[in-house]
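Protein chains: 2
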Amino acid sequence: MLGRVNHIAIAVPDLTAATASYRDTLGAKVSQAQALPEHGVTVVFVELENTKVELLEPLGENSPIAAFLEKAPSGGMHHICYDVADILAARDQLSASGARVLGSGEPKIGAHGKPVLFLHPKDFFGTLIELEQV
Amino acid sequence: MLGRVNHIAIAVPDLTAATASYRDTLGAKVSQAQALPEHGVTVVFVELENTKVELLEPLGENSPIAAFLEKAPSGGMHHICYDVADILAARDQLSASGARVLGSGEPKIGAHGKPVLFLHPKDFFGTLIELEQV
Numbered sequence: 001m002l003g004r005v006n007h008i009a010i011a012v013p014d015l016t017a018a019t020a021s022y023r024d025t026l027g028a029k030v031s032q033a034q035a036l037p038e039h040g041v042t043v044v045f046v047e048l049e050n051t052k053v054e055l056l057e058p059l060g061e062n063s064p065i066a067a068f069l070e071k072a073p074s075g076g077m078h079h080i081c082y083d084v085a086d087i088l089a090a091r092d093q094l095s096a097s098g099a100r101v102l103g104s105g106e107p108k109i110g111a112h113g114k115p116v117l118f119l120h121p122k123d124f125f126g127t128l129i130e131l132e133q134v
Numbered sequence: 001m002l003g004r005v006n007h008i009a010i011a012v013p014d015l016t017a018a019t020a021s022y023r024d025t026l027g028a029k030v031s032q033a034q035a036l037p038e039h040g041v042t043v044v045f046v047e048l049e050n051t052k053v054e055l056l057e058p059l060g061e062n063s064p065i066a067a068f069l070e071k072a073p074s075g076g077m078h079h080i081c082y083d084v085a086d087i088l089a090a091r092d093q094l095s096a097s098g099a100r101v102l103g104s105g106e107p108k109i110g111a112h113g114k115p116v117l118f119l120h121p122k123d124f125f126g127t128l129i130e131l132e133q134v
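Line order of the protein sequences matches chains Y and U.
All the letters of the first sequence, read from the start, carry residue numbers 1 to 134 under the UniProt record's numbering.
All the letters of the second sequence, read from the start, carry residue numbers 1 to 134 under the UniProt record's numbering.
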């Protein structure tokens, strides 16, 4: 079911500072910041050779990463996103295995414009997993 | 400086259960468990198309992931490892930037038999970063 690691998401309290750190201190290629108000985040992509890291800063009142940053104010690794070929087939297989899909269970259009689902971290040893249909 | 994402490490309290979850529920290719007593962990590699996830369970009395699992007993994302071409050059450049290298500052031989260093998570927005010379 799992394809490529699409991205690793890191929540940060200060996107400008984090971007500078990855660009200047770690010498990585970084994108411009993109505000995604419908997803409650502003994102910078750190482009690695084989995948990307996404630096996420809360945007607006109901950011999905606000609670995470309340618990970890300095930031931290938030989730891993894997490609899947068929997200509905993946969902049905996961649900049949007893794994919980967050929200309504219907895929939403994610930050890359493709259908995504999140899986409950308690079912995967504390790791929040996103699946994206590619 | 940063090359490929070498691996994403996830600390888990029960490696057998976590391996079964990635293999059976998520449909990923997983390795046999390898005990690495000199590193204080037992590891299973989850082979993705473009990188790997490493599931780590504490081994022995002074496991480097024991404190993490005390704080997060269910497990969680522990660190990201990036390839670098020259670990001493990377270290010197990072130190000159004010980033803290953990331990003595001298690379140790990591779980893959190659020189590694860890960077202080407080200098990188709560993310523990490992660098591995490839």
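The beta carbon of each residue, even a glycine, is placed where N, CA and C say it ideally should be.
Interface annotation for the segment 48-81 of chain U against chain Y: Leu48, Glu49, Asn50, Thr51, Lys52, Val53, Leu55, Ala72, Pro73, Ser74, Gly75, Gly76, Met77, His78, His79, Ile80, criterion Cβ-Cβ distance under 9 Å.
Gly113/Y and Glu130/Y have their C-alpha atoms some 14 Å from each other. Straight across, the Cα-Cα distance linking Ile87/Y with Ser97/Y is about 15 Å. The Cβ neighbour count for Ile109/U, taken over all protein chains shown within 10 Å, is under 16; the residue is labelled exposed. If only complete runs of 4 or more residues are kept, the UniProt domain "VOC" (4-134) of chain Y shows the alpha helix (DSSP H) at 15-20, 66-71, 87-96, in order along the chain.
When the five nearest sequence neighbours on each side are left out, the beta carbons in the same chain lying within less than 7 Å of the beta carbon of Val44/Y are those of Leu15, Thr19, Val30, Ser31, Ala33, Leu55, in order along the chain. Between Ala99/Y and Val53/Y, the CB-CB gap reaches or exceeds 9 Å. With fewer than 16 other Cβ atoms inside 10 Å of its own Cβ, Leu102/U counts as exposed. The shortest CA-to-CA distance from Leu2/Y to any of Val84/Y, Ala89/Y, Lys122/Y is the one to Val84/Y. By the neighbour-count criterion, in which 16 or more other beta carbons inside 10 Å mark a residue as buried, Pro58/U falls on the buried side. Judged by their CB atoms, Ala11/U and Ala72/U are nearer to each other than the 9 Å cut-off. Chain Y places no beta carbon closer than 9 Å to that of Leu36/U, leaving this residue out of the contacts. With a 10 Å radius around the Cβ and a threshold of 16 neighbouring Cβ atoms, Ser95/U comes out exposed. Taking C-beta atoms as the reference points, Glu47/U and Ala28/U count as a pair closer than 9 Å.
Residue contact with chain Y for Leu117/U: absent (no Cβ-Cβ distance below 9 Å to any residue of chain Y). One finds Thr25, Leu26 in chain Y with Cβ atoms closer than 9 Å to the Cβ of Leu94/U, taken in chain order.
Between the C-alpha atoms of Cys81/Y and Arg4/Y there is a straight-line separation of about 9 Å. Among the CB atoms of chain Y, none fall inside 9 Å of the CB of Val41/U.
For Ala89/U, the closest of His7/U, Leu26/U, Glu106/U by C-alpha to C-alpha distance is Glu106/U. Across the structure, Gly76/Y and Thr51/U are spaced so that their CA atoms are roughly 20 Å apart. Annotation: Pro121/U to Arg91/Y spans about 34 Å, alpha carbon to alpha carbon. Scanning Glu49/Y, Phe118/Y, Phe124/Y, Gly40/Y for the CA closest to the CA of Arg23/U turns up Phe124/Y.
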